[in-house]
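Some notes on the structure that comes next.
There are 2 protein chains.
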Amino acid sequence: MLDKNKKILIVGLGLIGGSYAQGFRRAGFYVGAITRSQESIDYALENGLIESGTTRVTKDYVSQFDLIIFSLYPKTMLAWIEEHQHNIKSGALLTDVTGVKCSVVYEIQKMLRKDIEFIGAHPMAGREVYGVKNASADILVGANYIVTPTPANSPEAIGICESIGKILGFAKISRLTPEKHDKIIGFLSQLTHCIAITLMNCHETEHLAEYTGDSFRDLTRIARINDSMWSELFLMNKDALLGEMNLFIGQFEKIRDAVQNGDEEVLRQMMRKSTERRICFDKKSE
Amino acid sequence: MLDKNKKILIVGLGLIGGSYAQGFRRAGFYVGAITRSQESIDYALENGLIESGTTRVTKDYVSQFDLIIFSLYPKTMLAWIEEHQHNIKSGALLTDVTGVKCSVVYEIQKMLRKDIEFIGAHPMAGREVYGVKNASADILVGANYIVTPTPANSPEAIGICESIGKILGFAKISRLTPEKHDKIIGFLSQLTHCIAITLMNCHETEHLAEYTGDSFRDLTRIARINDSMWSELFLMNKDALLGEMNLFIGQFEKIRDAVQNGDEEVLRQMMRKSTERRICFDKKSE
Chain A
1 MLDKNKKILI VGLGLIGGSY AQGFRRAGFY VGAITRSQES IDYALENGLI ESGTTRVTKD
61 YVSQFDLIIF SLYPKTMLAW IEEHQHNIKS GALLTDVTGV KCSVVYEIQK MLRKDIEFIG
121 AHPMAGREVY GVKNASADIL VGANYIVTPT PANSPEAIGI CESIGKILGF AKISRLTPEK
181 HDKIIGFLSQ LTHCIAITLM NCHETEHLAE YTGDSFRDLT RIARINDSMW SELFLMNKDA
241 LLGEMNLFIG QFEKIRDAVQ NGDEEVLRQM MRKSTERRIC FDKKSE
Chain B
1001 MLDKNKKILI VGLGLIGGSY AQGFRRAGFY VGAITRSQES IDYALENGLI ESGTTRVTKD
1061 YVSQFDLIIF SLYPKTMLAW IEEHQHNIKS GALLTDVTGV KCSVVYEIQK MLRKDIEFIG
1121 AHPMAGREVY GVKNASADIL VGANYIVTPT PANSPEAIGI CESIGKILGF AKISRLTPEK
1181 HDKIIGFLSQ LTHCIAITLM NCHETEHLAE YTGDSFRDLT RIARINDSMW SELFLMNKDA
1241 LLGEMNLFIG QFEKIRDAVQ NGDEEVLRQM MRKSTERRIC FDKKSE
């Protein structure tokens, strides 16, 4: 378990970084922050999300922290660690909140000083709005949290990383390899975002609102998307995402062909399977 | 406007038929019903959804009604009208709640006696559960309602059909040609159901629940689907649905190719377009 004397540094004070900060502060931890904008620091100080913060990366500031949580875009995180790891205290633990794992976890573990450790994690939480001003520890509560250890990680680091999930109130804390994580997230999250984007690119949709039921609204809620972050996430998970997209196309074309051929039995089989699986899913989620 | 002396017959007392019945009863109309199961009639009588009902189609019963609303699967409705139209009172108006229009409206108008009139309508309301026991007039309130007149329809019939929407509390009542309706519904409703079914057919999903965020749950809610009804709806809207499915595949493959080629700019363009369009959509729906 993470002891309360450990000081926590959030690098990147956006929606998720700010929500983590608030959660740790509520739990009684000392939380500092480094982020690009002074405005975000000021907001977080005024609203009690952090106890200290700075826009400048200095050895004096960074070296006081025992646990560093990166809440940056993946490439920015890689560059930050490469540039600033000499400022980190020996024995510190590093973790993250990034939505892709293979392409960051192995890179970081390869370049990292031997006296500090990095372990990947992915909180399955988010909103359609951004920035620290929309942050709230409440968006983490009840969400899912995935830890992605590799053979390079110590049992102690895995324990601390899982305790982060517990402290912040996540409902289900699980472990996956980075490879398994990327495949599952490629399917559950990235593919569904691709679908929502596709739907909104099919037609001028403004005049369609008066004809919709709930289904179109549900399927396109996530079409409001941060293009710089998600294009980076898609491309950093290229192989897994392509695999899921091609699988989806294959199954979708099976329905398309059944409609084309008037093959009612194939349609009904696929519908019965989807119904049966979705019912199990509901139960699981309750 | 529909005057309160007109007697209304619901043919097919399921989720939507029962909800219509309750709505009209609340508004003070006399509502009768014909449906296959005596149990449904008994339930509807006991719960005040109808004033009378029968499982047998007789001239005595049918000929007392001025407005007949079909809440049957499309093919069953076509067969019912063909078999029983001789029992309908001269001057009666017929309408429906079916999710496809070209393949039912023109067929019915072609075969119908000249002294009665049929006009198509589609309430954009539903639930993932079925049957009269789940019926409620409340599911109609605030939903969208589309009337699909053809050149064969009289202005009076169009007026009465639109007043049905008003009496039942629909939010937005609009008119479309059957062709326009089928294309729009092919996109907004049928395509989205195809997507949800596809997603649930890609993988054994039971173990995935612990890793999901909201997006997968949102995109697959409608994967719980009545296979006999929806396969019929898909096949009766074949051309329009195929057009929308192929359009979707084309746009989806554009994203797939951009991921494959690492083309960040195409991804970001599509994401910006989806974001911009979805924002307009939100405003429209508020």
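Chains A and B are the protein sequences, given in the same order.
Under the working numbering, the first sequence has 63 at position 63, and the numbering climbs by one with no breaks.
Take the position in the second sequence, starting the count at 1, then add 1000; the result is the number in the working numbering.
Glycine residues also receive a C-beta, built at the ideal position from the N, C-alpha and C atoms.
Whole-Å CB distance - residue i paired with residue j, under 8 Å assumed
i, j, result
"phenylalanine 1187 (chain B)", "glutamate 1244 (chain B)", "5 Å"
"leucine 1072 (chain B)", "leucine 1002 (chain B)", "So it is not a contact: roughly 21 Å between Cβ atoms."
"proline 123 (chain A)", "threonine 148 (chain A)", "Their Cβ separation, rounded to whole angstroms, is 12 Å, which puts proline 123 (chain A) and threonine 148 (chain A) out of contact at 8 Å."
"glutamine 1064 (chain B)", "lysine 1007 (chain B)", "6 Å"
"glutamine 109 (chain A)", "alanine 79 (chain A)", "The Cβ separation is near 16 Å, so there is no contact."
"lysine 273 (chain A)", "asparagine 1201 (chain B)", "6 Å"
"isoleucine 167 (chain A)", "phenylalanine 24 (chain A)", "7 Å"
Member of the options whose CA lies at the smallest distance from the CA of residue i
i, options, result
"leucine 1267 (chain B)", "A:Ile195, A:Ile255, A:Leu247, A:Asn261", "A:Ile195"
"glycine 159 (chain A)", "A:Lys133, A:Ile119, A:Ala143", "A:Ile119"
"glutamate 1046 (chain B)", "B:Ala1223, B:Gly1018, B:Arg1175", "B:Gly1018"
"glutamine 38 (chain A)", "A:Ser136, A:Gly23, A:Thr55, A:Gly28", "A:Thr55"
"serine 1103 (chain B)", "B:Thr1205, B:Phe1248, B:Phe1234, B:Phe1216", "B:Phe1234"
"lysine 1114 (chain B)", "B:Leu1093, B:Asn1201, B:Ala1027, B:Gly1169", "B:Leu1093"
"isoleucine 1081 (chain B)", "B:Thr1058, B:Met1111, B:Lys1089", "B:Met1111"
"glutamate 1156 (chain B)", "B:Ile1116, B:Ala1209, B:Leu1176, B:Leu1168", "B:Ile1116"
"asparagine 5 (chain A)", "A:Tyr30, A:Leu15, A:Pro74", "A:Tyr30"
"threonine 275 (chain A)", "B:Glu1051, B:Glu1264, B:Leu1241, B:Arg1221", "B:Arg1221"
"methionine 229 (chain A)", "A:Arg217, A:Glu210, A:His193", "A:His193"
"valine 1057 (chain B)", "B:Ile1010, B:Asp1096, B:Asp1042", "B:Ile1010"
"threonine 76 (chain A)", "A:Thr35, A:Ser90, A:Lys59", "A:Thr35"
"phenylalanine 1170 (chain B)", "B:Leu1140, B:Asp1263, B:Thr1150, B:Ser1189", "B:Leu1140"
"proline 1074 (chain B)", "B:Glu1051, B:Gly1099, B:Ile1088, B:Gly1091", "B:Gly1099"
"glutamate 1051 (chain B)", "B:Gly1032, B:Asp1042, B:Ser1215, B:Val1062", "B:Gly1032"
"lysine 1254 (chain B)", "A:Thr198, A:Thr212, A:Ala258, A:His203", "A:Thr198"
"phenylalanine 1248 (chain B)", "A:His203, A:Phe281, A:Ser231", "A:His203"
"arginine 1256 (chain B)", "A:Leu242, A:Gln269, A:Ala258, A:Val259", "A:Leu242"
"cysteine 280 (chain A)", "B:Ile1279, B:Met1270, B:Asn1246, B:Arg1217", "B:Arg1217"
"tyrosine 20 (chain A)", "A:Val62, A:Gln269, A:Ala121, A:Tyr61", "A:Ala121"
Proximity test, Cβ basis, 8 Å: residue i and chain A
i, result
"cysteine 1280 (chain B)", "yes"
"leucine 1208 (chain B)", "yes"
"threonine 1150 (chain B)", "no"
"threonine 1192 (chain B)", "yes"
"valine 1259 (chain B)", "yes"
"isoleucine 1297 (chain B)", "Within the shown structure, residues of chain B are numbered from 1001 to 1286, placing residue 1297 (chain B) beyond reach of any answer."
"methionine 1077 (chain B)", "no"
"methionine 1111 (chain B)", "no"
"arginine 1268 (chain B)", "yes"
"lysine 1101 (chain B)", "no"
"arginine 1292 (chain B)", "As shown, chain B starts at 1001 and ends at 1286. That puts residue 1292 (chain B) outside it, with no answer to give."
"arginine 1025 (chain B)", "no"
"asparagine 1144 (chain B)", "yes"
"tyrosine 1211 (chain B)", "yes"
"phenylalanine 1248 (chain B)", "yes"
C-beta neighbour in chain B for residue i, strict 8 Å
i, result
"phenylalanine 234 (chain A)", "yes"
"tyrosine 20 (chain A)", "no"
"lysine 166 (chain A)", "no"
"leucine 94 (chain A)", "no"
"cysteine 202 (chain A)", "yes"
"glutamate 264 (chain A)", "yes"
"isoleucine 16 (chain A)", "no"
"glutamate 230 (chain A)", "Per the sequence presented here, residue 230 (chain A) reads as tryptophan, with glutamate not at that position. Yes, because at least one Cβ of chain B sits closer than 8 Å to the Cβ of tryptophan 230 (chain A)."
"leucine 188 (chain A)", "yes"
"leucine 242 (chain A)", "yes"
"threonine 177 (chain A)", "no"
Per-residue DSSP class, three states only, for residue i
i, result
"glutamate 286 (chain A)", "Because glutamate 286 (chain A) carries a pLDDT of 38, less than 50, the predicted location of this residue cannot be relied on, and the following value inherits that uncertainty. Correct three-state label for glutamate 286 (chain A): coil."
"valine 104 (chain A)", "helix"
"aspartate 290 (chain A)", "Nothing about residue 290 (chain A) can be reported from this structure: the residues present for chain A run from 1 to 286 only."
"leucine 1247 (chain B)", "helix"
"isoleucine 1195 (chain B)", "helix"
"lysine 1007 (chain B)", "strand"
"threonine 1275 (chain B)", "helix"
"threonine 1098 (chain B)", "coil"
"leucine 2 (chain A)", "coil"
"leucine 13 (chain A)", "coil"
Residue i: CB within 7 Å of a non-hydrogen atom of the ligand ADP
i, result
"arginine 1217 (chain B)", "The ligand ADP is not among the ligands present in this structure, which contains no ligands whatsoever."
Runs of 4 residues minimum, wholly inside the segment 113-189 of chain A: which ones carry the alpha helix (DSSP H) assignment? Scanning the segment 113-189 of chain A for uninterrupted alpha helix (DSSP H) segments of 4 residues or longer gives 155-167, 178-185, listed from N- to C-terminal end.
Suppose only complete runs of 4+ residues qualify. What are the alpha helix (DSSP H) ranges in the segment 15-83 of chain A, listed by chain order? As far as the segment 15-83 of chain A is concerned, its whole alpha helix (DSSP H) runs of at least 4 residues are 15-26, 38-46, 59-62.
List in chain order: all unbroken alpha helix (DSSP H) runs of 4+ residues lying wholly within the segment 197-232 of chain A. Segments of the alpha helix (DSSP H) lying fully in the segment 197-232 of chain A: 214-220.
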